[in-house]
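Notes for the one structure printed next.
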Amino acid sequence: MDKIIYKLPCGIRVRKEAFGLLFYNIKDTNLTFVKVDGDLIPDSLWEKGLLAPEGRGGREGPKYLQILKELVKRGLLVETRISEQ
Amino acid sequence: MKQEFLSSKTLSAPVNVTWEITGRCNLNCRHCLSAGTAQAHAGDLSLEQCRRFIDHLNRIRVFQVNIGGGEPLLREDLLEILDYCHLKGIVTCISTNGVMLDNELAKKLARMPLTYVQISIDGATPETNDRIRGEGSYARALQGVECLTRQGLRNLSINTVVLRVNFREIHELYRLARFYGAKTRLSRFRPAGRAREAWQEYHLTKQQILELSAYLSEYKDVLTGDSFFSITAEDRKNLGLNMCGAAKMTCCVAPDGSVYPCAFLQESYFYAGNVLEQPLEEIWRRAGSFNLLRSLKKEACTACPRFDLCHGGCPAVAFFLKQELDCPDPECIRQISEQE
Ligand code: SF4
Ligand code: SF4
């Protein structure tokens, strides 16, 4: 079975701020401010540069997935499939 | 969008830190910001202290360090400092006069993908440049540019402080940078440090400010950092930060570890602490001068039609020219247009 994970693209750094997420691109030093509830995003994104989206149910689930898709669309995250052994 | 976030909330830490790693310099430029400040004569941090500071920058997730001085290449351990920043994933941008650059050093810098280099040249001819930066400095800086280009450094820019006396050479400098595959960066002349003595002679005329504004609209590939948002037109709005970043996105660490909101605000009034005594994260959150800058309300600006583009301009220029912080930038396009 494949499992989806989200990773920071090469050269993109991120940190959590009161307004949401602050991304930095080392290739052009540009910043991107993303207004979002930063608490929805697991710490593994700033700590390890990746996150696995499972385990978020209830009302937050769809909102959380929507945020991830939006970040992928803006080139701030990449979606990857890994095979679960 | 970023202005909205920065105006309403304090970031957890600076995004980039201007770090003057030495007060020593091998030139004696007439418009130098650093010369004449107390910090220029204090000792530099040791390599071990630098490493500990970089560890802290990494912990609080500072993305970029702008390394300046004095002349940073005078530090024999500069490459070690750069390597250590890169090891932690921190991008470095070195601002140098370029005169010490040779092939060997250029080769080492070109192998550092996280390094940007800015070389200062203040005239398109040796006559103009050397009158400002000292005899022989044009040829040596250009040689530095050539070494870096030859070694294939990708992120190179030529930085020029725009002055009354080099204004007519700006476009020639742009062509020079293009010839070397470098970017042009134009910086504002601000009356801080020794530049105060040269202010009358060097500051731009009203006509030059208006022409510069038009020039920047035409040449959007010219980088300006936070220098000219108080004079540029709507069409450059998204090309950078349209507000002062001091204490909101950035701060300055002097050679001895003293912290100020900005390199141009290194006055005792703005002293915020010292990284040898207190973590930068704490200074960032608590310093009175930082909170003062964050809460500045420029009443005279709020009704200005350009407020969205400018947010009141540069407080450092206001401080030095008007001895006030909460007044409009004295050289903003609106203020100069109102002068007869
Ligand atoms: S005080 Fe002026 S020079 Fe300093 S960060 Fe603000 S706009 Fe830039
Ligand atoms: S009056 Fe204030 S907001 Fe308007 S251009 Fe001048 S500094 Fe900027």
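Sequence order for the protein chains is A and B. Position one of the first sequence corresponds to residue 1291 (this note's numbering), numbered consecutively onward. Position one of the second sequence corresponds to residue 15 (this note's numbering), numbered consecutively onward. Cβ atoms here follow ideal geometry from the backbone N, Cα and C, with glycine treated the same way.
- Scanning B:191, B:179, B:66, B:325 for the CA closest to the CA of residue 156 of chain B turns up B:191.
- Beyond the five residues adjoining it in sequence on each side, residue 130 of chain B comes within less than 6 Å, by CB distance, of 107, 169 in the same chain, given in chain order.
- Residue burial annotation: residue 204 of chain B is buried, with at least 16 other C-beta atoms found within 10 angstroms of its C-beta.
- In the DSSP annotation of this structure, residue 272 of chain B is not part of any alpha helix (DSSP H); the continuous beta strand (DSSP E) holding it starts and ends at 272-274.
- The segment 187-266 of chain B contains, as complete beta strand (DSSP E) runs of 3+ residues, the segments 197-202 (chain order).
- Three or more beta-carbon pairs separated by less than 8 Å link the segment 272-282 of chain B to the segment 328-341 of chain B, which places the two stretches in contact.
- Under the three-state reduction of DSSP, residue 60 of chain B is assigned to coil, being neither helix nor strand.
- Relative to ligand 1, even the nearest heavy atom lies 7 Å or more away from the CB of residue 77 of chain B.
- Between the C-alpha atoms of residue 342 of chain B and residue 317 of chain B there is a straight-line separation of about 11 Å.
- Taking C-beta atoms as the reference points, residue 1309 of chain A and residue 23 of chain B count as a pair closer than 8 Å.
- For a Cβ distance threshold of 9 Å, residue set 1314, 1316, 1319 of chain A lies close to residue 78 of chain B, ordered along the chain.
- A residue is called buried when at least 16 other Cβ atoms come within 10 angstroms of its Cβ; residue 329 of chain B meets this threshold and is buried.
- Residues of the same chain with a CB within less than 7 Å of the CB of residue 233 of chain B, apart from the 5 flanking positions on each side, are 188 in chain order.
- Interface annotation for the segment 75-102 of chain B against chain A: 75, 77, 78, criterion Cβ-Cβ distance under 7 Å.
- Here residue 1323 of chain A carries a strand assignment [DSSP, helix/strand/coil].
- Listed along chain A, no residue sits closer than 9 Å to residue 121 of chain B by beta-carbon distance, the nearest being about 21 Å off.
- Counting every other CB atom within 10 Å of its CB across the protein chains shown gives residue 269 of chain B a total of 16 or more, marking it as buried.
- Taking residue 244 of chain B as the centre and dropping the five residues before and after it, the same chain places the C-beta of 324, 327, 343, 346 closer than 6 Å to its C-beta, in chain order.
- With respect to the C-alpha of residue 1292 of chain A, the residue from A:1329, A:1342, A:1326 having the closest C-alpha is A:1342.
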